[in-house]
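Contents: one structure, followed by commentary.
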Amino acid sequence: MDLLRRLLKWLTALEDCDLCDTLTVTPSVIFCNICRKAEWLADKMPFNNFTVTVIHGDMVQKEREEIMRNFCSSESRVLITTDLLTRGMDVQQVPMAINYELPNNRELYIHCIGRLGRFGRKGVAINFVKNEDTRILRDIKQYYSTQIDETK
647 MDLLRRLLKW
657 LTALEDCDLC
667 DTLTVTPSVI
677 FCNICRKAEW
687 LADKMPFNNF
697 TVTVIHGDMV
707 QKEREEIMRN
717 FCSSESRVLI
727 TTDLLTRGMD
737 VQQVPMAINY
747 ELPNNRELYI
757 HCIGRLGRFG
767 RKGVAINFVK
777 NEDTRILRDI
787 KQYYSTQIDE
797 TK
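Sequential numbering of the sequence shown, starting at 647, is according to my numbering.
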């Protein structure tokens with residue numbers, strides 16, 4: 647619940663900034679590690695101006711296809727998912743990805759943020775990190791030889 651409060655506080659603080667406009671105008675994906683967490687987060691996100699949908703592997707294929715059609719046609723602006731989107735689902739032109747939870751392994755991380763900045767466009771990846779995730783974050787940074795800016 648603390649991460650949810652941080653996410654909502656962070657999104658509320660963005661009201662007067664360009665990043666909030668990005669979230670409301672362009673598609674954004676929020677990644678969770680398990681289906682139950684994705685469903686829980688979708689139920690808890692009280693966005694007045696956001697259309698939030700959830701997709702995960704426990705859904706039947708027809709339902710997932712409908713959700714993806716809605717997301718790709720911009721009927722839904724925020725898509726909450728598990729690593730389902732990292733495995734073969736083609737979602738283009740997503741400018742923002744939020745890892746509500748860091749992926750359980752470093753290889754999945756690049757697939758989550760790989761949804762960003764395609765075709766020369768820019769993208770933003772945001773990671774919510776709990777104290778117990780610092781080892782995973784350090785491993786991701788070392789494995790990809792990259793710097794991930796941190797704020798508290």
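By construction, the Cβ of each residue, glycine as well, lies at the ideal position given by its N, Cα and C atoms.
For residue i, count the other beta carbons within 10 Å of its own beta carbon; 16 or more makes it buried, fewer makes it exposed. Which is it?
{"i": "Ser674", "result": "buried"}
{"i": "Thr780", "result": "exposed"}
{"i": "Tyr746", "result": "buried"}
{"i": "Thr792", "result": "exposed"}
{"i": "Ser719", "result": "exposed"}
{"i": "Glu778", "result": "exposed"}
{"i": "Tyr755", "result": "buried"}
{"i": "Val706", "result": "exposed"}
{"i": "Thr797", "result": "exposed"}
According to DSSP, what are the bridge partners of residue i?
{"i": "Asn773", "result": "Asn745"}
{"i": "Thr727", "result": "Phe677, Ile701"}
If contacts are defined as beta-carbon pairs under 8 angstroms, then residue i and residue j qualify, I think. What distance do you get, rounded to the angstrom?
{"i": "Cys678", "j": "Leu687", "result": "6 angstroms"}
{"i": "Val740", "j": "Val698", "result": "Contact flag wrong, Cβ pair sits at about 15 angstroms."}
{"i": "Met742", "j": "Gly769", "result": "7 angstroms"}
{"i": "Ile676", "j": "Ile726", "result": "5 angstroms"}
{"i": "Leu730", "j": "Gly703", "result": "5 angstroms"}
Okay, do the region 749 to 762 and the region 709 to 717 touch, 3+ Cβ pairs below 8 angstroms being the bar?
-> no
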